[in-house]
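There are 2 protein chains.
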Amino acid sequence: MSEVAILAANRAFYEAFAANDERAMAAIWSSGDCACTHPGRPVLVGRDRVMRSWREILDAGAPSIRVEEARPLVLSRDVAMVVCVERLGQVALAATNVFVLERGTWKIAHHHAGQMRSGAARESRGALN
Amino acid sequence: MSEVAILAANRAFYEAFAANDERAMAAIWSSGDCACTHPGRPVLVGRDRVMRSWREILDAGAPSIRVEEARPLVLSRDVAMVVCVERLGQVALAATNVFVLERGTWKIAHHHAGQMRSGAARESRGALN
Numbered sequence: 003m004s005e006v007a008i009l010a011a012n013r014a015f016y017e018a019f020a021a022n023d024e025r026a027m028a029a030i031w032s033s034g035d036c037a038c039t040h041p042g043r044p045v046l047v048g049r050d051r052v053m054r055s056w057r058e059i060l061d062a063g064a065p066s067i068r069v070e071e072a073r074p075l076v077l078s079r080d081v082a083m084v085v086c087v088e089r090l091g092q093v094a095l096a097a098t099n100v101f102v103l104e105r106g107t108w109k110i111a112h113h114h115a116g117q118m119r120s121g122a123a124r125e126s127r128g129a130l131n
Numbered sequence: 003m004s005e006v007a008i009l010a011a012n013r014a015f016y017e018a019f020a021a022n023d024e025r026a027m028a029a030i031w032s033s034g035d036c037a038c039t040h041p042g043r044p045v046l047v048g049r050d051r052v053m054r055s056w057r058e059i060l061d062a063g064a065p066s067i068r069v070e071e072a073r074p075l076v077l078s079r080d081v082a083m084v085v086c087v088e089r090l091g092q093v094a095l096a097a098t099n100v101f102v103l104e105r106g107t108w109k110i111a112h113h114h115a116g117q118m119r120s121g122a123a124r125e126s127r128g129a130l131n
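What follows is the structure, encoded as structure tokens:
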């Protein structure tokens with residue numbers, strides 16, 4: 003069931019982040035076209051730039067994130083995305099994670115996270131149900 | 003050439019927005035799974051919720067947006083995305099727009115925009131080149 007596999011890939015992404023594991027992070031990103039927009043930061047395009055940004059973030063020590071409201075959307079046989087809410091203490095971020103199927107494994111090809119205004123996370127739960 | 007068609011679909015999205023055209027906005031969104039995260043706002047999942055949010059935004063009068071640095075990424079034969087910078091006066095937003103090919107036409111299936119911190123748009127140009 004692909005939704006289960008897609009949610010597992012989403013969890014693996016956040017687990018690599020939580021573990022500050024650069025090798026795991028490199029392994030779960032697509033070897034093809036990648037992009038990444040960290041909160042408030044520039045749009046990065048290309049695997050090299052994206053992985054460099056992750057090395058910098060993980061070297062500095064990743065903050066603790068709780069992931070909520072993860073919702074998989076299957077876009078085609080080999081592309082899917084997960085929208086979710088990332089909680090860092092009192093701050094909530096809306097996240098988009100795009101996955102592509104590479105040789106039978108879902109790899110992340112794009113991550114975009116941005117801060118939600120206060121109260122939006124509660125509205126989000128309402129909007130998702 | 004699919005990148006040209008994908009960038010045209012991205013332009014059509016912003017043109018519908020600029021024209022406050024609810025009918026055009028409804029026509030360019032996918033009839034399948036959709037999601038949308040407006041700046042700072044909750045994650046919306048489902049075409050009905052997404053289109054309702056656009057009606058509210060367009061009814062209120064859409065702000066003027068200049069789109070810069072649009073970069074298409076082809077993820078598969080029938081899914082692509084565009085990352086770009088949206089400028090609203092002095093404010094710059096990072097945007098992710100995901101498109102799916104429906105009966106030969108690229109339709110938008112996800113929009114996520116969030117504010118960049120001051121100066122990030124300039125860095126973005128550097129990161130894209």
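Residue numbers (the numbering used here), protein chains in the order written: chain W, 3 to 131; chain Y, 3 to 131. Here a beta-carbon is modelled for each residue, glycine too, at the ideal position from N, C-alpha and C. Predicted model, so just to flag it, every value in this text is computed and none were measured.
Item, Value
"Closer than 7 Å at the beta carbon, the chain W residues around Y:P65", "Those within 7 Å of Y:P65 in chain W number zero; the least Cβ separation is about 17 Å."
"Neighbour-count burial assignment, Y:G116, 16 or more Cβ in a 10 Å radius", "buried"
"Chain Y within 9 Å of W:L130, Cβ atoms only", "The predicted position of W:L130 is uncertain, since its pLDDT is 49 and thus under 50; no value can be drawn from it."
"W:S4 and W:V76 closer than 9 Å at C-beta", "yes"
"DSSP three-state assignment for Y:R13, whether helix, strand or coil", "helix"
"Beta carbon proximity, Y:L90 to chain W, threshold 9 Å", "no"
"Selected residue, minimal CA-CA separation from Y:W108, among Y:C86, Y:S55, Y:A82, Y:V45", "Y:A82"
"Residue closest to W:C86, alpha-carbon to alpha-carbon, out of Y:E24, Y:W31, Y:V47", "Y:V47"
"Proximal residues of chain Y, C-beta to C-beta of W:S78 below 9 Å", "L77, S78, R79, D80, V81, V102, L103"
"Buried/exposed call for W:L130, threshold 16 Cβ in 10 Å", "Caution is warranted here: a pLDDT of 49 is assigned to W:L130, below 50, making its placement in the model unreliable, and the coordinate value is therefore given only provisionally. Under this definition W:L130 is a buried residue."
"Bridge partner(s) assigned by DSSP for Y:I110", "Y:W31, Y:F101"
"Length of the line joining the Cα atoms of W:N99 and W:I8", "10 Å"
"Residues of the region 23–36 of chain Y with Cβ closer than 7 Å to any Cβ of chain W, in chain order", "D35"
"Within-9 Å CB hit, W:T39 to chain Y", "yes"
"Cβ neighbour criterion (16 or more within 10 Å) applied to W:V6", "exposed"
"Whole-Å CB distance - W:Y16 paired with W:I67, under 8 Å assumed", "6 Å"
"W:A111 at chain Y interface by Cβ criterion, 9 Å", "yes"
"Rounded straight-line distance, which links the Cα of Y:I110 to that of Y:F101", "4 Å"
"Contact set between Y:V87 and chain W, taken where Cβ atoms lie within less than 8 Å", "V45"
"W:R54 - DSSP class collapsed to helix/strand/coil", "helix"
"Chain-ordered chain Y contacts of W:A122 [CB-CB under 7 Å]", "G42, R43, P44"
"Neighbour list for Y:E71 in chain W, Cβ cutoff strictly below 8 Å", "V45"
"Rounded straight-line distance, which links the Cα of Y:T39 to that of W:S32", "24 Å"
"Opposing strand residues paired with W:V47 [DSSP bridges]", "W:A37"
"W:E104 burial status per 10 Å Cβ neighbour count (16 or more: buried)", "exposed"
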